[in-house]
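Peer 1: Throughout, my numbering is defined as the position within the sequence shown, counted from one, plus 18. Note that the Cβ used here is the ideal one computed from N, Cα and C, for glycine as well. Just passing along the structure, written as structure tokens.
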Amino acid sequence: MSELRKDYIESFGGTRLAVHTIGQGRPLVLVHGLFSSAEVNWIKYGNAQILAGAGFEVIMPDLRAHGESEAPHDPQAYPEDVLVEDLTLLVAELGLSDYDLGGFSLGARTSVRGVLAGLSPRKLILGGMGLSGLSGWARRSAHFVDAIDRFGSIERGDPAFIAQAFMKSMKIDRIAARLLLGSVDDTSADAIARITMPTLCVCGKDDGDNGSAQELAEALPQGRYVETPGNHMSSVTFKDMGRAMAEFLAA
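Take a look at the structure:
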């Protein structure tokens, strides 16, 4: 078992971000999803350990307003694409030039926009993400903003109930999360064609939250689709995801 390490970096606006690392070898930066954390998406269920065992140094930041990173309430701490700024700073801070990059859901969206902004990983992994999830962020964002605004009053059966329950379990700072949601932009389908590195679109069999991952793979110049068990909430709990990622990166 590889030892888990934790460091901090100072990012945009002085926000302190926690960075969790496991393993030795080729650097792989993995970005978690909305309302989650590096611990829940990558570490807790063993997928980071699988990747470390495959010879990777797995670098997992907690997004601002998530996990052990700071959650400022100042709106100026959330300019357009601030998560891309955070990711770009992390890559520069660690001196990464030859590395791989991946993310799940919001982390996948951030990784895509990071590449479009100039990051150049050897290979890219997009988990829990479909083509319409990139271009239709405004709709997804409105769903989560609604869950924040009605937090505490949403009853079982309401489409926002799962988001409310997840925010409760993760002890999300809802003021910071709402500000963060406003900083994320749509990514047009046309822009996808500019992502030219080999890209794995890995998604749970029952996960349609962000549209079709298979359609996304087909829209990418070097896209590959792999189906794993689970839905949008459960797919990260299966080691199939980590194995698919390790196999793709090693090929």
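Measuring only the C-alpha atoms, how far is M215 from V130?
Peer 2: Between M215 and V130, the C-alpha separation is close to 11 Å.
Peer 1: Report buried or exposed for R196, applying the criterion of at least 16 other Cβ atoms within 10 angstroms of its Cβ.
Peer 2: Buried is the call here.
Peer 1: Would you mind reading off the limits of the alpha helix (DSSP H) that contains H161?
Peer 2: Taken as a continuous stretch (DSSP letters only), the alpha helix (DSSP H) holding H161 covers 155-167.
Peer 1: Would R23 be called buried (16 or more neighbouring beta carbons within 10 Å of its own) or exposed?
Peer 2: Exposed.
Peer 1: With E111 as the anchor, note down where its beta strand (DSSP E) starts and where it stops.
Peer 2: First-last for E111: 100-111, but that is the alpha helix (DSSP H), not the beta strand (DSSP E).
Peer 1: Please report the straight-line C-alpha distance between A209 and G113, rounded to a whole angstrom.
Peer 2: Approximately 27 Å, taken between the alpha carbons.
Peer 1: What does DSSP give as the partner residue(s) for V217 in the beta ladder?
Peer 2: Residue identity differs from the one stated: residue 217 is Thr in this sequence, not Val. Answer by DSSP bridge pairing, in chain order: L142, G241.
Peer 1: Exposed or buried, what is M19 when buried is set at 16 or more other beta-carbons lying within 10 Å of its beta-carbon?
Peer 2: It counts as exposed.
Peer 1: Quick one: what's got a C-beta closer than 8 Å to D118's C-beta in the same chain, skipping five residues either side?
Peer 2: The residues are R44, P45, L46, V47, F74, P139, R140, K141, L142, I143, L267.
Peer 1: Can you tell me where the alpha helix (DSSP H) holding L197 begins and where it ends?
Peer 2: Where L197 is concerned, the enclosing alpha helix (DSSP H) stretches over 192-199.
Peer 1: Assuming A165 and A178 make a contact with CB atoms under 8 Å, what is their CB distance in whole Å?
Peer 2: About 4 Å; that satisfies the 8 Å criterion.
Peer 1: Quick check: does the Cβ of S206 come within less than 8 Å of any heavy atom belonging to the ligand GDP?
Peer 2: Absence of the ligand GDP is noted for the structure shown, with no ligands found whatsoever.
Peer 1: What does a CB cutoff of less than 8 Å around D204 pick up in its chain, not counting 5 residues either side in sequence?
Peer 2: Taken in chain order, the residues that qualify are L152, S153, G154, W155, A156.
Peer 1: Does the segment 50-60 come close enough to the segment 177-193 to have 3 or more Cβ pairs within less than 8 Å?
Peer 2: Yes: the two stretches touch, three or more of their Cβ pairs being nearer than 8 Å.
Peer 1: Using the C-alpha atoms, what's the distance from D99 back to G248?
Peer 2: Straight-line Cα distance between these residues: approximately 29 Å.
Peer 1: Taking Q240 as the reference, which of A110, G222, T217, H250 has the closest Cα?
Peer 2: That would be T217, whose Cα lies nearest to the Cα of Q240.
Peer 1: Which value, in whole angstroms, describes the spacing of the CA atoms of A264 and F169?
Peer 2: In a straight line, the C-alpha of A264 is about 38 Å away from that of F169.
Peer 1: Check each candidate in A83, G175, S150 and name the one with the smallest Cα separation from A231.
Peer 2: Here the closest residue by C-alpha is S150.
Peer 1: Which residues share a DSSP beta bridge with L48?
Peer 2: Answer is G120.
Peer 1: Taking the alpha carbon of A95 as the point to measure from, which residue in A160, T246, G31, A211 has its own alpha carbon closest?
Peer 2: For the residues A160, T246, G31, A211, the minimum Cα distance to A95 belongs to G31.
Peer 1: Spell out the partners DSSP gives L22 in its beta bridges.
Peer 2: In the DSSP output, where bridge partners are listed per residue, L22 has I40.
Peer 1: Count the other CB atoms within 10 Å of the CB of S29; is the residue buried (16 or more) or exposed (fewer)?
Peer 2: By the 10 Å Cβ count, S29 comes out buried.
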